[in-house]
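Just below is one structure, and these are the notes that go with it.
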Amino acid sequence: MRGAFQRWRRAVVLAVAGLLVAAGTAGANVALTQVSADPYTNATSQHATEVEPDTFSHHGTVVAAFQVGRFFNGGASDIGVVRSGDGGSTWDAPGFLHDTFNSGDASSPYERVSDPSVAYDAAHGVWIVSSIPLLPNTSVPTVFFNRSTDDGRTWGLAISMPPPVSNSVDLDKNWTACDNHPSSPFYGHCYTELDNFGDGDLELMSTSTDGGLTWSVPIRTDGNDKGLGGQPVVQPSGRVVVPFESLNGTISAFHSDNGGASWSRALKVSGIRFHPVAGNLRTSPLPTAEIAADGTVYVAWEDCRFRKKCPSNDIVFSTSSDGVSWTDPARIPIDLVTSSADHFIPGLAVDPATAGASTHLALTYYFYPNANCGGACRLDVGYISSPDGGAHWGAATQLAGPMGLSQIANTSQGPMVGDYISTSFAGGTATTVFAVGRDATTAPFNEAMYSPGRESVASLAQATQVASSTGVFGAVGNGETHHALKDN
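In the working numbering, the protein residues as written are 466 to 953.
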């Protein structure tokens, strides 16, 4: 597989020569670098499209993974992977994991793959990309794990998770994180959250103790909790906290104190008030979670509670020292609550070298300048940061856009840039990779992955905007209540 990956990578380098150069974006304040492009041509998916990136960093290395060649009704032709060895300043040529028959593995029974998540296991020196493979009938019987032992340069064959004990298995929304705290009794444990759509979105967790080579049979929480989009984070004590979006319309969280042998029942973080986004854009208030050096957990999501009559969403966040008790959500002051903007799909980063009142936060997000845009919506990407744990924030910066919804992949749940995005810290600066749609030339679409390079954190003097948990309009109940969801 290594040899095959390297041969394919050389072919892609030739095919996309010239991609890794700065490309200005009309209306944006920064220059972007295109880091990948969809190389596939199968007639069953949309080309050229790349969506839904996750990033993770360890020391100076940043790895991003994303869907390539999006299908209308779920999944993509392949998972793309791109690496930076200098914190996001420059990027290596893109690679692809080739775990489906549409991406070059003729022996694979899987037509598509979705939901990439990136993790690093410091104890074993292994990068891990987890994803979910789809059979031709779109069901998902397992979770895939591709490993890299050479700092993200090449990737091995997919390893499959054993299925959960259930009469109906159809998995969704995996997310992987590892315990990288040498002080933890579970240093080197990696944890993957997933839900079983076949069992009403039952929340499940699987554990690996050998660098992702083998995984436990997924187990349920003590409360048989249901939801999706959980993002595990690990405290220095070894406690694993998993915020997720529950089916009853709350952000909730469960935890484990025994290395994943069992998981608590979920407790409510907050209710959700969600404004449906115009243009039928595919989005929901999935959480984005990160952790500071002192173990403080940060979770953010899109929410309209601070706007009278809920005309658009802000990004709000809550914190916890133990994953059990949470602060009242505070509004991130991207703009005034009276603005016309709608904000969604947040990707939060917390600098793991910072703590307490000096915790550095960075947030990438998508937004509409005008929430009530009907059929003329124009999509932008923004960035904002905090030098003091979210108490104060600097000025927001536009990173990309505007882009029309016809320039991004279409799905059964609406136009798509991703159900999530991500931001990561490396060496004190933040970096991110996100989907941008441009005018197409030869293919129906021209949606690819871009990076703004290394983004700084606002200084205390620059952070003049105050986050606040006051000014909520009306009671915040359980927000939207879902039937079982499948978001691959």
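Just so you know, even glycine gets a beta-carbon here, dropped at the ideal spot from N, CA and C.
From a predicted model like this one, the values you see are computed outputs, not experimental measurements.
| query | result |
| --- | --- |
| Those runs of the beta strand (DSSP E) which lie wholly inside the stretch 758 to 830 and span at least 3 residues | 762 to 768, 779 to 785 and 807 to 815 |
| Bridge partners - Glu576, DSSP secondary structure assignment | Glu576 pairs with nothing; no bridge assigned. |
| 8 Å CB neighbourhood of Asn567 in its chain, flanking five on each side removed | Tyr505, Asn507, Thr509, Ser510, Gly534, Ser542, Asp543, Glu576 and Arg577 |
| Whole-number beta carbon distance between Phe662 and Asp636, since they are thought to touch under 8 Å | A small fix is needed here, since residue 636 is Leu in this sequence, not Asp. 7 Å between Cβ atoms; contact. |
| Per DSSP, the bridge partner or partners of Ala592 | Inspection of the sequence shows that residue 592 is occupied by Trp rather than by Ala. Looking at the DSSP assignment, Trp592 forms a beta bridge with Tyr585 and Ser613. |
| Distance between Arg747 and Gly569 (C-alpha atoms, nearest Å) | 29 Å |
| Same chain only: Cβ atoms within 6 Å of Val922, ignoring 5 sequence neighbours per side | His825, Ser850 and Pro852 |
| Cβ contact check for the stretch 625 to 634 and the stretch 645 to 655: 3 or more pairs under 8 Å | no |
| Boundaries (first-last residue) of the beta strand (DSSP E) holding Val528 | Thr526 to Arg535 |
| DSSP three-state assignment for Phe739, whether helix, strand or coil | coil |
| Ala496 in three-state terms, based on DSSP | strand |
| Other residues of its chain near Ser933: CB distance less than 7 Å, five sequence neighbours each side excluded | Ala795 and Arg796 |
| Coil, strand or helix - Phe651 by DSSP | coil |
| Where the beta strand (DSSP E) through Gln863 begins and ends | Thr862 to Gly869 |
| Pairwise C-alpha distance: Trp640 and Gly694 | 8 Å |
| Opposing strand residues paired with Ile684 [DSSP bridges] | Met670 |
| Rounded C-alpha distance that separates Tyr915 from Ala818 | 26 Å |
| Beta-carbon contacts of Ser579 that lie in its chain and below 7 Å, excluding the five residues immediately before and after | Gln532, Gly539, Gly540, Ala541, Ser596, Ile597, Leu599 and Asn953 |
| Sequence-distant residues of its chain with Cβ nearer than 8 Å to Ser501 (five each side left out) | Val481, Leu484, Glu515, Phe531, Val533, Gly545, Val547, Pro559, Ala913 and Met914 |
| Straight-line Cα distance separating Lys774 from Thr526 | 44 Å |
| Rounded C-alpha distance that separates Leu864 from Glu920 | 10 Å |
| Where Leu925 falls, given that 16 or more other Cβ within 10 Å makes a residue buried | exposed |
| Phe938 (DSSP reduced to helix, strand or coil) | coil |
| Proximity of Gly902 and Ile873 at Cβ, strictly below 8 Å | yes |
| Rounded Cβ spacing between Ser721 and Val705 (contact assumed at less than 8 Å) | 5 Å |
| Member of Val682, Thr614, Leu622 and Gln878 whose CA lies at the smallest distance from the CA of Asn745 | Gln878 |
| Residue burial classification, Leu562 (beta-carbon count within 10 angstroms, cutoff 16) | buried |
| Distance CB(His808)-CB(Phe832) smaller than 8 Å | yes |
| Distance between Asp519 and Thr753 (C-alpha atoms, nearest Å) | 11 Å |
| Span of the beta strand (DSSP E), counted from its first residue to its last, around Ile716 | Thr715 to Ser721 |
| Residue nearest to Ile716 in terms of C-alpha spacing, selected from His857, Gly869, Asp793 and Asn723 | Asp793 |
| Residue interval of the beta strand (DSSP E) (run including Tyr848) | Arg843 to Ser851 |
| Neighbourhood of Ala488 by C-beta distance below 8 Å, restricted to the same chain and skipping five residues each side | The predicted model places Ala488 with a pLDDT of 48, which falls under 50 and marks its position as unreliable, so this point remains unresolved. |
| Coarse secondary structure for Ser887, derived from DSSP in three states | strand |
| Burial state of Asn611 (16 or more Cβ within 10 Å) | buried |
| Where Asp660 sits in the DSSP three-state scheme | strand |
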